[in-house]
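As C-alpha coordinates, the structure follows; a few thoughts come after it.
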Amino acid sequence: MKCCTTTCQKWTTFSVAGLFILLGVLLAVLWKDLFQKIANYELSLVNRKTKGYDNWIETPIPMYLQFYLFNWTNPEDVTNSAIKPNFEEHGPYTYYEHHIRENVTFNDNGTITFQTKRLWRFLPEKSVGSLSDEITTLNPIVVTIGNLVKYKHHLVKRGVNFFLKEKRVRLAVTKNVSQFLFDGYEDPMLDLVHKLNITGFNVPYTKFGWFVERNGSAEYDGVFNMYNGGNDINKLGLLTTWNYNDTVSFFKGDCGKVDGTIGELWYPPRDRSSIKLFASDLCSSVELIRKAEYTTYGIEGHKYVGSDKVFDNGTSYKEMQCFLTDGVQLLSGVRNVSACKFGAPAFVSYPHFYLADPGYREAVSGMHPDQTKHEMYIALEPSTGLPLRVQASFQINLKMDPVDGIDILTNITSTMMPSFWFKQTADLSEDLAAQAKVLLVAPVVGTNTGYGFIGIGALLIVVGVFITYRRGWKQSEEEELLNGRQSSKVNNK
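Just so you know, we're using UniProt numbering here: the sequence shown kicks off at 1 and counts up by one.
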(Lines of atoms letter the chains of each structure in order from A; the text may use other names.)
(Lines give C-alpha, C1' and ligand atoms only; values in the text may rest on other atoms or scores of the structure.)
Protein backbone atom coordinates (compact mmCIF):
# COMPACT_ATOMS: atom_id res chain seq x y z
CA MET A 1 0.00 0.00 0.00
CA LYS A 2 1.43 3.32 -1.08
CA CYS A 3 1.54 6.29 1.24
CA CYS A 4 0.04 9.00 -1.00
CA THR A 5 -1.80 11.42 1.23
CA THR A 6 0.00 14.37 2.75
CA THR A 7 -1.03 13.19 6.21
CA CYS A 8 0.54 9.80 5.55
CA GLN A 9 3.71 11.45 4.22
CA LYS A 10 3.96 13.66 7.28
CA TRP A 11 3.33 10.77 9.66
CA THR A 12 5.94 8.61 7.94
CA THR A 13 8.58 11.36 7.84
CA PHE A 14 8.18 12.40 11.47
CA SER A 15 7.91 8.77 12.64
CA VAL A 16 11.15 7.83 10.88
CA ALA A 17 12.77 10.95 12.33
CA GLY A 18 11.60 9.96 15.81
CA LEU A 19 12.88 6.42 15.32
CA PHE A 20 16.32 7.69 14.28
CA ILE A 21 16.44 10.01 17.29
CA LEU A 22 15.33 7.23 19.67
CA LEU A 23 17.92 4.78 18.31
CA GLY A 24 20.53 7.52 18.36
CA VAL A 25 19.85 8.41 21.99
CA LEU A 26 19.94 4.74 23.00
CA LEU A 27 23.24 4.21 21.19
CA ALA A 28 24.81 7.41 22.50
CA VAL A 29 23.74 6.77 26.09
CA LEU A 30 23.83 2.98 26.44
CA TRP A 31 26.25 1.64 23.82
CA LYS A 32 29.49 2.43 25.64
CA ASP A 33 28.43 0.75 28.88
CA LEU A 34 26.85 -2.18 27.06
CA PHE A 35 29.92 -2.76 24.92
CA GLN A 36 32.18 -2.42 27.97
CA LYS A 37 30.24 -5.18 29.72
CA ILE A 38 30.59 -7.41 26.67
CA ALA A 39 34.29 -6.58 26.38
CA ASN A 40 34.91 -7.20 30.09
CA TYR A 41 33.26 -10.59 29.79
CA GLU A 42 35.40 -11.53 26.79
CA LEU A 43 38.58 -10.34 28.52
CA SER A 44 37.82 -12.28 31.70
CA LEU A 45 38.43 -15.93 32.56
CA VAL A 46 34.98 -16.68 33.98
CA ASN A 47 34.70 -19.80 31.81
CA ARG A 48 36.41 -21.65 28.98
CA LYS A 49 34.36 -19.86 26.29
CA THR A 50 35.74 -16.34 26.56
CA LYS A 51 38.30 -14.87 24.19
CA GLY A 52 40.47 -14.04 27.18
CA TYR A 53 40.59 -17.69 28.18
CA ASP A 54 41.60 -18.73 24.65
CA ASN A 55 44.50 -16.27 24.70
CA TRP A 56 45.53 -17.24 28.24
CA ILE A 57 45.39 -21.04 28.21
CA GLU A 58 48.29 -21.12 25.73
CA THR A 59 50.71 -18.37 24.80
CA PRO A 60 49.16 -16.66 21.73
CA ILE A 61 52.33 -14.82 20.66
CA PRO A 62 55.98 -15.81 20.15
CA MET A 63 58.12 -15.51 23.27
CA TYR A 64 61.89 -15.72 23.40
CA LEU A 65 64.31 -16.36 26.23
CA GLN A 66 67.90 -15.28 25.63
CA PHE A 67 70.76 -16.36 27.89
CA TYR A 68 74.07 -14.54 28.23
CA LEU A 69 76.72 -16.47 30.19
CA PHE A 70 79.76 -14.92 31.83
CA ASN A 71 83.05 -16.72 31.25
CA TRP A 72 85.50 -16.29 34.14
CA THR A 73 88.86 -15.85 32.43
CA ASN A 74 91.26 -15.67 35.39
CA PRO A 75 90.17 -18.06 38.17
CA GLU A 76 93.82 -18.88 38.89
CA ASP A 77 94.18 -15.37 40.38
CA VAL A 78 91.31 -15.73 42.82
CA THR A 79 93.58 -15.57 45.89
CA ASN A 80 95.32 -12.44 44.62
CA SER A 81 93.29 -9.54 45.98
CA ALA A 82 95.14 -7.14 43.67
CA ILE A 83 93.61 -8.76 40.57
CA LYS A 84 89.90 -8.47 39.89
CA PRO A 85 87.92 -11.44 38.56
CA ASN A 86 87.48 -10.82 34.83
CA PHE A 87 84.40 -11.86 32.87
CA GLU A 88 83.59 -12.11 29.18
CA GLU A 89 79.97 -12.26 28.05
CA HIS A 90 78.96 -15.07 25.69
CA GLY A 91 75.65 -15.24 23.87
CA PRO A 92 72.87 -14.79 23.28
CA TYR A 93 71.77 -18.42 23.37
CA THR A 94 68.17 -18.03 22.26
CA TYR A 95 65.23 -20.29 23.07
CA TYR A 96 61.66 -20.20 21.86
CA GLU A 97 59.35 -20.21 24.89
CA HIS A 98 55.78 -21.47 25.08
CA HIS A 99 53.43 -21.56 28.08
CA ILE A 100 50.53 -23.96 28.67
CA ARG A 101 48.17 -23.76 31.67
CA GLU A 102 47.43 -27.04 33.38
CA ASN A 103 45.24 -28.28 36.24
CA VAL A 104 42.91 -25.31 35.79
CA THR A 105 40.15 -25.02 38.41
CA PHE A 106 37.35 -22.42 38.40
CA ASN A 107 36.47 -21.43 41.96
CA ASP A 108 33.18 -20.07 43.30
CA ASN A 109 34.86 -17.01 44.83
CA GLY A 110 35.75 -15.45 41.48
CA THR A 111 39.25 -16.90 41.29
CA ILE A 112 41.00 -19.47 39.14
CA THR A 113 43.70 -21.93 40.26
CA PHE A 114 46.29 -23.26 37.83
CA GLN A 115 49.85 -24.31 37.08
CA THR A 116 52.01 -23.22 34.16
CA LYS A 117 54.05 -25.60 32.04
CA ARG A 118 56.89 -23.88 30.23
CA LEU A 119 58.44 -25.33 27.12
CA TRP A 120 61.74 -24.19 25.62
CA ARG A 121 63.33 -25.01 22.26
CA PHE A 122 66.81 -23.87 21.26
CA LEU A 123 67.01 -21.64 18.17
CA PRO A 124 70.54 -21.81 16.71
CA GLU A 125 69.63 -19.34 13.94
CA LYS A 126 68.89 -16.65 16.57
CA SER A 127 71.92 -17.47 18.71
CA VAL A 128 75.54 -16.41 18.78
CA GLY A 129 77.47 -19.58 19.52
CA SER A 130 76.31 -23.13 20.21
CA LEU A 131 75.22 -25.09 23.27
CA SER A 132 78.56 -26.90 23.19
CA ASP A 133 80.46 -23.69 23.99
CA GLU A 134 82.46 -24.18 27.17
CA ILE A 135 82.07 -21.65 29.97
CA THR A 136 84.10 -21.30 33.17
CA THR A 137 82.28 -19.92 36.18
CA LEU A 138 82.34 -19.91 39.95
CA ASN A 139 81.43 -23.42 41.13
CA PRO A 140 77.86 -23.00 42.41
CA ILE A 141 77.89 -26.24 44.38
CA VAL A 142 81.09 -25.37 46.25
CA VAL A 143 79.91 -21.89 47.27
CA THR A 144 76.52 -23.33 48.24
CA ILE A 145 78.17 -25.86 50.54
CA GLY A 146 80.43 -23.15 51.93
CA ASN A 147 77.40 -20.97 52.60
CA LEU A 148 75.60 -23.79 54.41
CA VAL A 149 78.50 -24.98 56.61
CA LYS A 150 79.96 -21.54 57.34
CA TYR A 151 78.61 -21.54 60.89
CA LYS A 152 78.59 -25.30 61.47
CA HIS A 153 80.79 -27.19 63.93
CA HIS A 154 84.44 -27.37 62.92
CA LEU A 155 84.18 -31.17 62.65
CA VAL A 156 81.52 -30.79 59.94
CA LYS A 157 83.73 -28.35 58.05
CA ARG A 158 86.71 -30.64 58.46
CA GLY A 159 84.77 -33.50 56.90
CA VAL A 160 83.60 -31.33 54.01
CA ASN A 161 87.12 -30.02 53.44
CA PHE A 162 88.51 -33.57 53.36
CA PHE A 163 85.92 -34.59 50.77
CA LEU A 164 86.67 -31.54 48.60
CA LYS A 165 90.37 -32.32 48.63
CA GLU A 166 89.76 -36.03 48.04
CA LYS A 167 87.65 -35.29 44.96
CA ARG A 168 90.01 -32.53 43.82
CA VAL A 169 87.15 -30.06 43.61
CA ARG A 170 88.04 -26.59 42.34
CA LEU A 171 86.51 -23.20 42.99
CA ALA A 172 85.92 -22.72 39.26
CA VAL A 173 84.04 -25.19 37.09
CA THR A 174 84.03 -25.52 33.30
CA LYS A 175 81.00 -27.00 31.53
CA ASN A 176 79.19 -26.36 28.27
CA VAL A 177 76.22 -24.04 27.93
CA SER A 178 73.72 -26.88 27.69
CA GLN A 179 74.94 -28.38 30.96
CA PHE A 180 74.78 -25.07 32.80
CA LEU A 181 71.22 -24.45 31.61
CA PHE A 182 68.76 -27.28 30.93
CA ASP A 183 70.71 -30.55 30.77
CA GLY A 184 72.58 -30.20 34.02
CA TYR A 185 75.64 -32.16 35.10
CA GLU A 186 76.39 -34.68 37.81
CA ASP A 187 78.67 -33.70 40.65
CA PRO A 188 79.87 -35.82 43.60
CA MET A 189 79.33 -32.82 45.85
CA LEU A 190 75.57 -33.14 45.40
CA ASP A 191 75.73 -36.67 46.77
CA LEU A 192 77.74 -35.42 49.75
CA VAL A 193 75.31 -32.70 50.78
CA HIS A 194 72.38 -35.07 50.40
CA LYS A 195 74.11 -37.55 52.72
CA LEU A 196 75.05 -34.85 55.22
CA ASN A 197 71.40 -33.74 55.33
CA ILE A 198 72.46 -30.16 55.98
CA THR A 199 69.69 -27.88 57.16
CA GLY A 200 68.74 -25.40 54.45
CA PHE A 201 69.86 -27.60 51.57
CA ASN A 202 66.84 -29.23 49.99
CA VAL A 203 67.73 -29.57 46.30
CA PRO A 204 65.47 -32.32 44.92
CA TYR A 205 67.69 -32.98 41.88
CA THR A 206 70.63 -35.31 41.26
CA LYS A 207 72.13 -32.92 38.71
CA PHE A 208 72.99 -29.26 38.83
CA GLY A 209 71.78 -26.88 36.14
CA TRP A 210 70.11 -23.50 36.47
CA PHE A 211 67.05 -24.77 34.56
CA VAL A 212 67.48 -28.53 35.06
CA GLU A 213 64.22 -30.54 35.05
CA ARG A 214 62.31 -27.35 34.37
CA ASN A 215 61.61 -27.72 30.65
CA GLY A 216 58.11 -29.19 30.36
CA SER A 217 57.44 -29.15 34.10
CA ALA A 218 54.13 -27.83 35.39
CA GLU A 219 55.22 -28.19 39.01
CA TYR A 220 58.36 -26.05 39.07
CA ASP A 221 56.73 -22.61 39.10
CA GLY A 222 54.19 -23.70 41.70
CA VAL A 223 50.42 -23.36 42.06
CA PHE A 224 48.87 -19.95 41.42
CA ASN A 225 45.48 -18.59 42.38
CA MET A 226 44.27 -15.32 40.87
CA TYR A 227 41.12 -13.32 40.21
CA ASN A 228 39.32 -14.25 36.99
CA GLY A 229 37.96 -10.72 36.40
CA GLY A 230 34.32 -11.82 36.31
CA ASN A 231 33.24 -9.80 39.34
CA ASP A 232 35.70 -6.95 38.84
CA ILE A 233 37.72 -6.54 35.65
CA ASN A 234 40.12 -4.28 37.56
CA LYS A 235 41.29 -7.34 39.54
CA LEU A 236 41.84 -9.56 36.50
CA GLY A 237 45.07 -11.53 36.89
CA LEU A 238 45.87 -10.30 40.40
CA LEU A 239 47.28 -13.12 42.51
CA THR A 240 45.67 -14.10 45.79
CA THR A 241 48.01 -16.98 46.68
CA TRP A 242 51.13 -18.79 45.49
CA ASN A 243 51.48 -22.40 46.58
CA TYR A 244 48.35 -21.87 48.68
CA ASN A 245 49.84 -19.01 50.74
CA ASP A 246 49.30 -15.27 50.46
CA THR A 247 52.80 -14.61 51.82
CA VAL A 248 56.25 -16.13 51.36
CA SER A 249 58.50 -17.00 54.29
CA PHE A 250 61.68 -15.76 52.61
CA PHE A 251 61.03 -12.05 53.22
CA LYS A 252 59.52 -10.03 56.05
CA GLY A 253 56.47 -7.78 56.15
CA ASP A 254 55.16 -6.30 52.92
CA CYS A 255 58.13 -7.73 51.01
CA GLY A 256 56.76 -11.21 51.64
CA LYS A 257 53.30 -10.51 50.24
CA VAL A 258 52.13 -12.38 47.15
CA ASP A 259 51.19 -9.33 45.14
CA GLY A 260 50.66 -8.40 41.49
CA THR A 261 50.17 -10.55 38.40
CA ILE A 262 52.43 -13.20 36.88
CA GLY A 263 53.05 -10.85 33.96
CA GLU A 264 51.02 -12.41 31.15
CA LEU A 265 47.47 -11.38 32.04
CA TRP A 266 46.75 -7.85 33.20
CA TYR A 267 43.85 -5.82 34.49
CA PRO A 268 43.28 -2.50 32.64
CA PRO A 269 45.91 -0.20 34.21
CA ARG A 270 44.08 2.99 33.11
CA ASP A 271 46.22 5.82 34.49
CA ARG A 272 48.01 3.88 37.23
CA SER A 273 51.44 5.21 38.10
CA SER A 274 52.80 1.74 38.85
CA ILE A 275 52.07 -1.97 38.43
CA LYS A 276 53.35 -5.06 40.24
CA LEU A 277 54.68 -8.29 38.84
CA PHE A 278 55.14 -11.41 40.99
CA ALA A 279 58.19 -13.39 39.85
CA SER A 280 58.29 -16.95 41.16
CA ASP A 281 62.02 -17.10 40.35
CA LEU A 282 62.51 -14.29 42.86
CA CYS A 283 59.85 -15.55 45.28
CA SER A 284 58.76 -11.92 45.50
CA SER A 285 57.16 -9.04 43.65
CA VAL A 286 58.67 -6.38 41.42
CA GLU A 287 57.13 -2.92 41.10
CA LEU A 288 57.37 -1.16 37.74
CA ILE A 289 56.93 2.61 37.44
CA ARG A 290 55.18 4.36 34.56
CA LYS A 291 57.88 6.34 32.78
CA ALA A 292 56.91 6.79 29.12
CA GLU A 293 54.47 5.95 26.34
CA TYR A 294 54.81 3.10 23.86
CA THR A 295 53.19 2.60 20.44
CA THR A 296 53.01 -0.47 18.21
CA TYR A 297 50.74 -1.18 15.22
CA GLY A 298 49.08 2.17 15.91
CA ILE A 299 48.05 1.11 19.44
CA GLU A 300 49.21 3.43 22.21
CA GLY A 301 50.14 2.19 25.66
CA HIS A 302 51.91 3.03 28.90
CA LYS A 303 55.49 1.86 29.43
CA TYR A 304 56.17 0.62 32.96
CA VAL A 305 59.87 0.42 33.80
CA GLY A 306 61.92 -1.27 36.49
CA SER A 307 63.70 1.47 38.44
CA ASP A 308 66.50 1.40 41.00
CA LYS A 309 63.82 0.81 43.64
CA VAL A 310 63.26 -2.80 42.53
CA PHE A 311 66.53 -4.10 44.01
CA ASP A 312 66.98 -1.48 46.70
CA ASN A 313 67.38 -2.73 50.27
CA GLY A 314 66.39 0.35 52.21
CA THR A 315 69.39 2.46 51.21
CA SER A 316 67.32 4.83 49.05
CA TYR A 317 63.78 3.62 49.77
CA LYS A 318 62.97 2.81 53.40
CA GLU A 319 60.03 0.59 52.48
CA MET A 320 62.42 -1.80 50.73
CA GLN A 321 64.35 -2.53 53.93
CA CYS A 322 62.27 -5.66 54.48
CA PHE A 323 64.23 -7.32 51.65
CA LEU A 324 67.33 -7.36 53.84
CA THR A 325 68.07 -10.86 55.11
CA ASP A 326 69.66 -11.74 58.43
CA GLY A 327 73.43 -11.93 58.47
CA VAL A 328 73.94 -10.72 54.88
CA GLN A 329 75.11 -7.14 54.39
CA LEU A 330 74.61 -5.87 50.86
CA LEU A 331 75.01 -2.72 48.88
CA SER A 332 71.87 -1.61 47.06
CA GLY A 333 71.13 -3.19 43.70
CA VAL A 334 70.85 -6.93 44.35
CA ARG A 335 68.25 -9.12 46.06
CA ASN A 336 69.17 -12.13 48.16
CA VAL A 337 67.14 -15.13 46.95
CA SER A 338 69.28 -17.80 48.65
CA ALA A 339 66.41 -19.18 50.73
CA CYS A 340 64.30 -19.30 47.57
CA LYS A 341 67.01 -21.21 45.68
CA PHE A 342 67.70 -24.24 47.90
CA GLY A 343 70.26 -22.45 50.06
CA ALA A 344 72.58 -21.48 47.21
CA PRO A 345 74.10 -17.99 47.74
CA ALA A 346 72.14 -16.67 44.76
CA PHE A 347 71.49 -12.98 44.29
CA VAL A 348 69.44 -11.29 41.59
CA SER A 349 70.17 -7.94 39.95
CA TYR A 350 69.70 -6.22 36.64
CA PRO A 351 72.18 -7.34 33.94
CA HIS A 352 75.73 -6.05 34.37
CA PHE A 353 74.63 -4.56 37.73
CA TYR A 354 72.64 -1.90 35.88
CA LEU A 355 71.28 0.66 38.41
CA ALA A 356 73.13 -1.11 41.24
CA ASP A 357 75.69 0.39 43.60
CA PRO A 358 78.92 1.01 41.61
CA GLY A 359 80.79 -1.14 44.13
CA TYR A 360 79.55 -4.31 42.43
CA ARG A 361 80.90 -3.32 39.02
CA GLU A 362 84.15 -2.02 40.46
CA ALA A 363 84.86 -5.33 42.22
CA VAL A 364 85.06 -7.22 38.90
CA SER A 365 86.05 -6.53 35.30
CA GLY A 366 83.85 -6.89 32.23
CA MET A 367 80.62 -5.22 33.34
CA HIS A 368 79.10 -2.76 30.86
CA PRO A 369 75.57 -1.69 31.90
CA ASP A 370 73.42 -0.37 29.07
CA GLN A 371 69.88 0.96 29.55
CA THR A 372 68.71 -0.09 26.08
CA LYS A 373 69.90 -3.68 26.50
CA HIS A 374 69.37 -4.20 30.21
CA GLU A 375 66.27 -2.21 31.13
CA MET A 376 63.23 -4.15 32.27
CA TYR A 377 59.83 -2.91 31.13
CA ILE A 378 56.29 -3.86 30.21
CA ALA A 379 54.10 -1.79 27.85
CA LEU A 380 50.33 -2.13 28.41
CA GLU A 381 47.32 -0.77 26.55
CA PRO A 382 45.56 1.18 29.35
CA SER A 383 41.89 0.35 28.72
CA THR A 384 42.29 -3.42 28.18
CA GLY A 385 45.55 -4.37 29.89
CA LEU A 386 46.78 -5.91 26.65
CA PRO A 387 50.59 -6.37 26.75
CA LEU A 388 52.18 -4.59 23.80
CA ARG A 389 55.78 -5.45 24.64
CA VAL A 390 57.51 -7.33 27.45
CA GLN A 391 61.23 -7.19 28.17
CA ALA A 392 62.17 -8.82 31.47
CA SER A 393 65.89 -8.90 32.24
CA PHE A 394 67.52 -10.38 35.33
CA GLN A 395 71.03 -11.44 36.27
CA ILE A 396 71.93 -14.34 38.55
CA ASN A 397 74.96 -13.77 40.75
CA LEU A 398 76.78 -16.00 43.24
CA LYS A 399 78.33 -14.52 46.35
CA MET A 400 81.85 -15.78 46.93
CA ASP A 401 82.73 -15.57 50.63
CA PRO A 402 85.74 -16.86 52.58
CA VAL A 403 84.96 -19.77 54.91
CA ASP A 404 87.34 -20.80 57.67
CA GLY A 405 88.19 -24.48 57.57
CA ILE A 406 87.48 -24.93 53.85
CA ASP A 407 90.80 -24.66 52.05
CA ILE A 408 89.55 -23.58 48.63
CA LEU A 409 87.40 -20.90 50.29
CA THR A 410 90.16 -19.32 52.35
CA ASN A 411 92.34 -16.42 51.25
CA ILE A 412 89.65 -15.15 48.89
CA THR A 413 87.91 -11.78 48.81
CA SER A 414 84.16 -11.55 49.34
CA THR A 415 82.85 -10.76 45.86
CA MET A 416 79.51 -10.75 44.04
CA MET A 417 80.31 -12.93 41.03
CA PRO A 418 78.05 -12.67 37.94
CA SER A 419 77.06 -16.06 36.54
CA PHE A 420 74.61 -15.31 33.72
CA TRP A 421 71.75 -13.05 32.76
CA PHE A 422 68.65 -13.66 30.71
CA LYS A 423 66.17 -11.58 28.78
CA GLN A 424 62.60 -12.68 28.14
CA THR A 425 60.83 -10.84 25.33
CA ALA A 426 57.37 -10.94 23.79
CA ASP A 427 55.74 -8.59 21.29
CA LEU A 428 52.10 -8.13 20.33
CA SER A 429 51.36 -9.96 17.09
CA GLU A 430 49.75 -8.26 14.09
CA ASP A 431 46.71 -10.52 14.38
CA LEU A 432 46.10 -9.66 18.04
CA ALA A 433 46.74 -6.00 17.26
CA ALA A 434 43.95 -6.08 14.65
CA GLN A 435 41.57 -7.64 17.19
CA ALA A 436 42.57 -5.08 19.78
CA LYS A 437 41.90 -2.17 17.41
CA VAL A 438 38.32 -3.37 16.91
CA LEU A 439 37.92 -3.54 20.67
CA LEU A 440 39.31 -0.05 21.11
CA VAL A 441 37.39 1.76 18.34
CA ALA A 442 34.03 0.02 18.78
CA PRO A 443 32.87 2.20 21.72
CA VAL A 444 33.68 5.40 19.81
CA VAL A 445 32.13 4.12 16.57
CA GLY A 446 28.95 3.07 18.37
CA THR A 447 28.60 6.36 20.22
CA ASN A 448 29.31 8.43 17.09
CA THR A 449 26.81 6.34 15.15
CA GLY A 450 24.24 7.24 17.81
CA TYR A 451 24.98 10.92 17.39
CA GLY A 452 24.74 10.45 13.63
CA PHE A 453 21.28 8.88 13.98
CA ILE A 454 20.19 11.81 16.16
CA GLY A 455 21.46 14.20 13.50
CA ILE A 456 19.58 12.36 10.73
CA GLY A 457 16.40 12.39 12.81
CA ALA A 458 16.75 16.10 13.54
CA LEU A 459 17.38 16.82 9.85
CA LEU A 460 14.23 14.90 8.85
CA ILE A 461 12.20 16.93 11.34
CA VAL A 462 13.59 20.21 10.00
CA VAL A 463 12.88 19.12 6.43
CA GLY A 464 9.38 17.99 7.37
CA VAL A 465 8.57 21.26 9.11
CA PHE A 466 9.96 23.26 6.19
CA ILE A 467 7.91 21.32 3.63
CA THR A 468 4.79 21.65 5.78
CA TYR A 469 5.32 25.40 6.11
CA ARG A 470 5.83 25.75 2.35
CA ARG A 471 2.93 23.37 1.68
CA GLY A 472 5.25 21.34 -0.46
CA TRP A 473 3.89 17.90 0.28
CA LYS A 474 2.85 16.10 -2.89
CA GLN A 475 -0.90 15.58 -3.00
CA SER A 476 -2.49 12.35 -4.08
CA GLU A 477 -4.89 12.25 -7.09
CA GLU A 478 -7.89 11.96 -4.76
CA GLU A 479 -6.72 15.01 -2.76
CA GLU A 480 -6.13 16.99 -5.97
CA LEU A 481 -9.59 16.03 -7.24
CA LEU A 482 -11.19 16.94 -3.95
CA ASN A 483 -9.36 20.23 -3.73
CA GLY A 484 -10.28 20.96 -7.36
CA ARG A 485 -14.00 20.43 -6.70
CA GLN A 486 -13.86 22.59 -3.61
CA SER A 487 -12.21 25.34 -5.65
CA SER A 488 -14.91 25.09 -8.34
CA LYS A 489 -17.68 25.44 -5.78
CA VAL A 490 -16.06 28.52 -4.37
CA ASN A 491 -15.69 30.07 -7.83
CA ASN A 492 -19.31 29.28 -8.79
CA LYS A 493 -20.52 31.12 -5.77
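Quick reminder that beta carbons are idealized off the backbone N, C-alpha and C, glycines included.
- For K373, the enclosing alpha helix (DSSP H) covers residues Q371 to H374.
- In terms of Cα proximity to L190, the closest of N176, V169, S178 and T174 is V169.
- Using a Cβ-Cβ distance cut-off of 8 Å, the region 226-235 and the region 290-310 are not in contact, since fewer than three pairs of beta carbons, one from each stretch, lie closer than that value.
- As DSSP reads the structure, K49 sits in no beta bridge.
- Burial state of S132 is exposed, judged by a 10 Å Cβ sphere holding fewer than 16 other Cβ atoms.
- Rounded to whole angstroms, Q36 and R214 show a C-alpha spacing of 40 Å.
- About 27 Å separates the beta carbon of S44 from that of I289, a gap too long to meet the 8 Å contact definition.
- The straight-line gap separating the alpha-carbon atoms of V46 and M400 is approximately 49 Å.
- It is roughly 34 Å from the alpha-carbon of E88 to the alpha-carbon of G222.
- Cα atoms of S316 and K309: separation of roughly 8 Å, rounded to the nearest angstrom.
- In this chain, P140 is not harboured by any beta strand (DSSP E); it is covered by the alpha helix (DSSP H) spanning P140 to V149.
- In the displayed model, T296 falls within a strand according to three-state DSSP.
- H98 carries a strand assignment under DSSP once its states are collapsed to helix, strand and coil.
- In the DSSP annotation of this structure, the continuous segment of the alpha helix (DSSP H) that includes F163 starts and ends at H154 to E166.
- Boundaries of the beta strand (DSSP E) harbouring R118: T111 to F122, taken from the DSSP string.
- In the DSSP assignment, Y64 falls within the beta strand (DSSP E) that extends over M63 to W72.
- As computed with DSSP, G306 is found in a beta bridge with L288.
- Contact annotation, Y96 with R121: C-beta distance approximately 5 Å; criterion of less than 8 Å satisfied.
- Ranked by how close their Cα comes to the Cα of F347, the residues Y304, V337, Y354 and F182 have V337 in first place.
- Collapsing the DSSP output to three states places P387 in a strand.
- A82 counts as exposed, since fewer than 16 other beta carbons sit within 10 angstroms of its beta carbon.
- Around the beta-carbon of G18, fewer than 16 other beta-carbon atoms lie within 10 Å, marking it exposed.
- In this chain, Y244 is not harboured by any beta strand (DSSP E), its DSSP state being neither H nor E.
- For the set P60, Q66 and Y350, the Cα lying nearest the Cα of L432 is the one of P60.
- Only buried fits W242, as 16 or more other CB atoms lie within 10 angstroms of its CB.
- Taking C-alpha positions only, K167 is separated from N161 by approximately 10 Å.
- Closest option to E219, judged by alpha-carbon separation, among F311, T13, N103 and P387: N103.
- Contact fails between the region 354-374 and the region 252-260, because fewer than three Cβ pairs, one in each stretch, are under 8 Å apart.
- Comparing alpha carbon positions, the residue from F323, Y350, L282 and F342 closest to V305 is Y350.
- Judged by DSSP secondary structure, P85 falls outside any alpha helix (DSSP H); it is assigned neither H nor E.
- Assignment of N448 by DSSP, reduced to helix, strand and coil, places it in the helix class.
- For P75, the CB contacts under 6 Å within the same chain, skipping 5 residues up- and downstream, are A172 in chain order.
- DSSP lists T111 as the bridge partner or partners of Y227.
- The DSSP-derived three-state label of W56 is helix.
- Residue pairing by DSSP places I275 opposite L288 in a beta bridge.
- Looking at the backbone, the Cα of V444 and that of L282 are separated by about 42 Å.
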